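Colleague:
Number of protein chains: 2
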Amino acid sequence: VTRLVGVIESSESSADLLGPTPDVRYVFVNPDTSPPAEIFDVEAIFIWNVRSGFLREHWARFERLRWVHIASDGAERVLTPEVAASDVVLTNSRHVFDQSLAEYALGLMLSLAKGFSITFAHQTEHRWVPRDGETLSGKLLVMVGVGPIARRIAQFAKALGMVVRGVGRSPRAGDPDFGDITDATQLNELFAVADYVVMVLPSAPGTEGLVGSEAIAALRPAARLVNVGRAVTLDQEALCAALREGRIAGAALDVVSPEPLPADSPLWNIPNLIISPHMSGDHTESLQEIAALFQQNLARWQQGEPLLNVVDKRLGYVPSERP
Amino acid sequence: VTRLVGVIESSESSADLLGPTPDVRYVFVNPDTSPPAEIFDVEAIFIWNVRSGFLREHWARFERLRWVHIASDGAERVLTPEVAASDVVLTNSRHVFDQSLAEYALGLMLSLAKGFSITFAHQTEHRWVPRDGETLSGKLLVMVGVGPIARRIAQFAKALGMVVRGVGRSPRAGDPDFGDITDATQLNELFAVADYVVMVLPSAPGTEGLVGSEAIAALRPAARLVNVGRAVTLDQEALCAALREGRIAGAALDVVSPEPLPADSPLWNIPNLIISPHMSGDHTESLQEIAALFQQNLARWQQGEPLLNVVDKRLGYVPSERP
Numbered sequence: 162v163t164r165l166v167g168v169i170e171s172s173e174s175s176a177d178l179l180g181p182t183p184d185v186r187y188v189f190v191n192p193d194t195s196p197p198a199e200i201f202d203v204e205a206i207f208i209w210n211v212r213s214g215f216l217r218e219h220w221a222r223f224e225r226l227r228w229v230h231i232a233s234d235g236a237e238r239v240l241t242p243e244v245a246a247s248d249v250v251l252t253n254s255r256h257v258f259d260q261s262l263a264e265y266a267l268g269l270m271l272s273l274a275k276g277f278s279i280t281f282a283h284q285t286e287h288r289w290v291p292r293d294g295e296t297l298s299g300k301l302l303v304m305v306g307v308g309p310i311a312r313r314i315a316q317f318a319k320a321l322g323m324v325v326r327g328v329g330r331s332p333r334a335g336d337p338d339f340g341d342i343t344d345a346t347q348l349n350e351l352f353a354v355a356d357y358v359v360m361v362l363p364s365a366p367g368t369e370g371l372v373g374s375e376a377i378a379a380l381r382p383a384a385r386l387v388n389v390g391r392a393v394t395l396d397q398e399a400l401c402a403a404l405r406e407g408r409i410a411g412a413a414l415d416v417v418s419p420e421p422l423p424a425d426s427p428l429w430n431i432p433n434l435i436i437s438p439h440m441s442g443d444h445t446e447s448l449q450e451i452a453a454l455f456q457q458n459l460a461r462w463q464q465g466e467p468l469l470n471v472v473d474k475r476l477g478y479v480p481s482e483r484p
Numbered sequence: 162v163t164r165l166v167g168v169i170e171s172s173e174s175s176a177d178l179l180g181p182t183p184d185v186r187y188v189f190v191n192p193d194t195s196p197p198a199e200i201f202d203v204e205a206i207f208i209w210n211v212r213s214g215f216l217r218e219h220w221a222r223f224e225r226l227r228w229v230h231i232a233s234d235g236a237e238r239v240l241t242p243e244v245a246a247s248d249v250v251l252t253n254s255r256h257v258f259d260q261s262l263a264e265y266a267l268g269l270m271l272s273l274a275k276g277f278s279i280t281f282a283h284q285t286e287h288r289w290v291p292r293d294g295e296t297l298s299g300k301l302l303v304m305v306g307v308g309p310i311a312r313r314i315a316q317f318a319k320a321l322g323m324v325v326r327g328v329g330r331s332p333r334a335g336d337p338d339f340g341d342i343t344d345a346t347q348l349n350e351l352f353a354v355a356d357y358v359v360m361v362l363p364s365a366p367g368t369e370g371l372v373g374s375e376a377i378a379a380l381r382p383a384a385r386l387v388n389v390g391r392a393v394t395l396d397q398e399a400l401c402a403a404l405r406e407g408r409i410a411g412a413a414l415d416v417v418s419p420e421p422l423p424a425d426s427p428l429w430n431i432p433n434l435i436i437s438p439h440m441s442g443d444h445t446e447s448l449q450e451i452a453a454l455f456q457q458n459l460a461r462w463q464q465g466e467p468l469l470n471v472v473d474k475r476l477g478y479v480p481s482e483r484p
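For the protein sequence lines, the chains are S and L, in the order given. Under our numbering, the residues of the first sequence are numbered 162 to 484, in order. Under our numbering, the residues of the second sequence are numbered 162 to 484, in order.
(1) Taking Ile436/S as the query, report the chain L residues whose CB atoms sit under 7 Å from its CB, ordered along the chain.
(2) Could you check how far apart the C-beta atoms of Gly442/L and Ser172/L are, in whole angstroms? I think they sit under 8 Å.
(3) Using a Cβ cut-off of 8 Å, pull out every chain L residue sitting near Ile255/S, in sequence order please.
(4) Of the residues that make up the stretch 295-317 of chain L, which ones have a beta carbon closer than 8 Å to any beta carbon in chain S?
(5) Would you say Leu273/S lies against chain L (beta-carbon separation less than 7 Å)?
(6) Hey, does Phe281/S have any beta-carbon neighbour from chain L nearer than 7 Å?
(7) Pick from His230/S, Ala345/S and Ala320/S: whose alpha carbon is nearest that of Glu264/L?
(8) Quick one: is Gly390/S near chain L, going by C-beta distance under 7 Å?
(9) Check the Cβ-Cβ distances between Ser278/S and every residue of chain L, and say whether any is below 7 Å.
(10) Which residues of chain L have a Cβ atom closer than 8 Å to the Cβ of Gly268/S, listed in chain order?
(11) With DSSP as the reference, please indicate the residues paired to Thr252/S in a beta bridge.
(12) Taking only runs that begin and end inside the stretch 289-359 of chain S, name each unbroken beta strand (DSSP E) of 3 or more residues, in chain order.
(13) From this set, His256/L, Ala403/L, His219/L and Val188/L, which residue's C-alpha is nearest Leu469/L's C-alpha?
(14) Tell me whether the beta-carbon of Asn388/S lies closer than 7 Å to the beta-carbon of Leu348/S.
(15) Under 7 Å between C-beta atoms, does Met323/L make it to chain S?
(16) Taking all protein chains shown into account, do 16 or more other C-beta atoms lie within 10 angstroms of the C-beta of Asn253/L, making it buried, or fewer, making it exposed?
(17) Whole angstroms is fine: what's the gap from Thr163/L's alpha carbon to Ile200/L's?
(18) Between Tyr265/L and chain S, is any beta-carbon pair separated by less than 7 Å?
(19) Would you please verify whether the beta carbon of Val361/L is less than 7 Å from any beta carbon of chain S?
(20) Run through DSSP, which three-state label would Ile435/L get?
(21) If you follow the beta strand (DSSP E) that Leu386/S is in, where does it begin and where does it stop?
(22) In terms of residues, what are the limits of the beta strand (DSSP E) holding Phe189/L?
(23) Look up Val168/L in the DSSP assignment and give the residues it is bridged to.
(24) Who are the Cβ neighbours of Phe317/S in its own chain at under 7 Å, not counting the five residues just before and after it?
(25) Run through chain S and tell me which residues come within less than 7 Å of Pro291/L, C-beta to C-beta.
(26) Using a Cβ cut-off of 7 Å (strictly closer), state whether Trp429/S contacts chain L.
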């Protein structure tokens, strides 16, 4: 039996990436043209462009929809109250971005420790200005978020000789990568001793503003903060004030509010702040890996097997199994 | 018995760092003032500033000199033919820079893979331009040089999922970090398959121009090269030509010729080339660690024990013990 599967395209067509699939007819929705009528007959939707409002806008018209797969890790843009309340299954592209994101976060930490943004600016000015860098080795890294991306960052950090602690939903001791995991009630205490903080939180119930002004005020003057999760989880204004007033040593944000950051935003010029355009997870093989993961899930769906990466719609993300 | 030990200062006095040492009287030579006469009576010299020509200039006047310790890893500026031919023992500050240099080299690889210099330039222009990064995971890293710094870089690279090969003086199989180590006769062959090349060679007999135009011509268009060793070991002109002509994807040089690089050098503007001002090894604790290492060696010297980090004056560096 042939089943109809909708594909909400991003700017480019994904037909080549998906190729023909046995017993599936794809209905492509191009963001720039009006959708074909049969899109509302699909049983499953694969959303390349999670920023598209198509599903949200037309939600009530999808009477046969059973499953939505998204090409991202973060589900917040698709997980509307209507989607959450429905029995439509939502799956994400968990793990596709883990390695790229973890490498990127490590690169941002090293950039801050070694002052790369200063060195690269000196290069454009043709100035030779040797300085002392810092080593990451021996420094305390507090990971806010203990999912698979955070875990990989912790593994890299430990390989470099950092000491790692984790802040997660449920406190527990003896994690192989994070050591002791505490919950958010211990945030200020941990921030007061952290050399580096790396945030990898989803936008989900309970994470908004989780790193707030009090936690930022607890950081030491030598501390540096990196956010590769979601902007909404951090009090951006409090961070910027701390940077402006020299109360912390530096920060790097791959996620900011709003995105894209307008050219006239004061954020671009905050001292000791690296702004990166929400690209930490995107890598040259992302699209292929996303397509392969979706088709793996599609085969499971066709055969009635359990799907991979099912989002807990109450939590807002795929809960981790403990290692 | 009190022994005279000369200290060739850098721009700042190191008296506080060294402090009083039992049975030692330090004779400090300040680069900006004329030296005290008793400097030529010393039995040992500690050279903070290896760029100073003091030892070379006055070599013939040191009649009692038995031992020279240098505050750097590279010995080439101190190891003149006269020093090499003498029976004065030369020791270096091996290992002080290993961690900092290895982190820096990893940071440069990540900068190249993720395009940080482009991102930071976009920030100064207030431009939000997401792009795909590359992952280091799965890529082939060829280490040119297999000393302790290279070994640590290899360990970090493997922790990130890179595949590592080494090029060293003597070929051997089954090294725990480099796998198979080949000698320089295999350089072109390895360069033809490398994704990343990291050079950590000393300036020593046999290393000048070791990575020459043929090796650079063998690199693939996607390849990137990092040099944190010595500029003289690389054909800089050939590398720049390859970058200008887009024959390789990028490079990062922490060591260049000449140093400091003059403001009017064309090197500053080569596309996809990061210039860093010979600072990869310098870190906030370097001076303390160098002073501690020197004083450890000084205690050994006073007690007639074997010194640490004795430079093989024929090789030009401290040969590694195999792990």
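C-beta: ideal position from N, C-alpha, C; glycine also. From a predicted model like this one, the values you see are computed outputs, not experimental measurements.
Modeller: Straight from the coordinates:
(1) For the purposes of this step, residue 436/S is taken as residue 275 along the first sequence, with counting starting at 1. Here the neighbours are Gln284.
(2) Sequence index remark: in the second sequence, residue 442/L carries index 281 (1-based). Sequence index remark: in the second sequence, residue 172/L carries index 11 (1-based). Incorrect: roughly 18 Å between the Cβ atoms, too far for contact.
(3) Position 94 of the first sequence, counted from the start, is the residue given in the question as residue 255/S. In the sequence on display, residue 255/S carries Arg and not Ile. In chain order: nothing, as chain L lies at least about 17 Å away.
(4) Glu295, Thr296, Leu297, Ser298, Gln316 and Phe317
(5) For the purposes of this step, residue 273/S is taken as the residue at position 112 of the first sequence. Cβ-Cβ to chain L under 7 Å: no for Leu273/S.
(6) Along the first sequence, one-based indexing puts residue 281/S at 120. At a cut-off of 7 Å between C-beta atoms, Phe281/S counts as an interface residue with respect to chain L.
(7) Taking the second sequence and counting its residues from 1, one reaches residue 264/L at position 103. Considering only alpha carbons, the answer is Ala320/S.
(8) Position 229 of the first sequence, counting from 1, holds the residue named residue 390/S. Judged by the 7 Å Cβ criterion, Gly390/S is not in contact with chain L.
(9) Position 117 of the first sequence, counting from 1, holds the residue named residue 278/S. Closer than 7 Å: yes.
(10) Within the first sequence, the letter at position 107 stands for residue 268/S. The answer, in chain order, is Gly268, Leu271, Ser272, Ala274, Lys275 and Phe277.
(11) In the first sequence, residue 252/S corresponds to position 91, counting from 1. According to DSSP, Thr252/S bridges with His230/S and Val471/S.
(12) 301-305, 324-328, 333-336 and 340-343
(13) In the second sequence, counting from the first residue as 1, residue 469/L sits at position 308. With respect to the C-alpha of Leu469/L, the residue from His256/L, Ala403/L, His219/L and Val188/L having the closest C-alpha is His256/L.
(14) On the first sequence, residue 388/S is found 227 positions in, with the first residue counted as 1. On the first sequence, residue 348/S is found 187 positions in, with the first residue counted as 1. Cβ atoms of Asn388/S and Leu348/S: not closer than 7 Å.
(15) Looking up residue 323/L in the second sequence gives position 162. At least 7 Å separates the CB of Met323/L from every CB of chain S.
(16) Residue mapping note: residue 253/L aligns to position 92 of the second sequence, counting from 1. That one is buried.
(17) Position 2 of the second sequence, counting from 1, holds the residue named residue 163/L. Position 39 of the second sequence, counting from 1, holds the residue named residue 200/L. Going from the Cα of Thr163/L to the Cα of Ile200/L covers about 15 Å.
(18) Reading the second sequence from its first residue, position 104 is the one you call residue 265/L. Interface residue, yes.
(19) Looking up residue 361/L in the second sequence gives position 200. For Val361/L, the answer is no, since every Cβ of chain S falls outside 7 Å of its Cβ.
(20) Looking up residue 435/L in the second sequence gives position 274. Reduced to three states, the DSSP call for Ile435/L is strand.
(21) Indexing the first sequence from 1 puts residue 386/S at position 225. Element bounds for Leu386/S: Arg385 to Asn388.
(22) The residue you call residue 189/L lines up with position 28 of the second sequence. That run of the beta strand (DSSP E) goes Val185 to Val190.
(23) Numbered from its first residue, the second sequence carries residue 168/L at position 7. Val168/L pairs with Phe189/L and Phe207/L.
(24) For the purposes of this step, residue 317/S is taken as residue 156 along the first sequence, with counting starting at 1. Same-chain partners within the cutoff: Ala263 and Leu267.
(25) Within the second sequence, the letter at position 130 stands for residue 291/L. The answer, in chain order, is Pro438, His439, Met440 and Asp443.
(26) Taking the first sequence and counting its residues from 1, one reaches residue 429/S at position 268. Chain L contact via Cβ: present.
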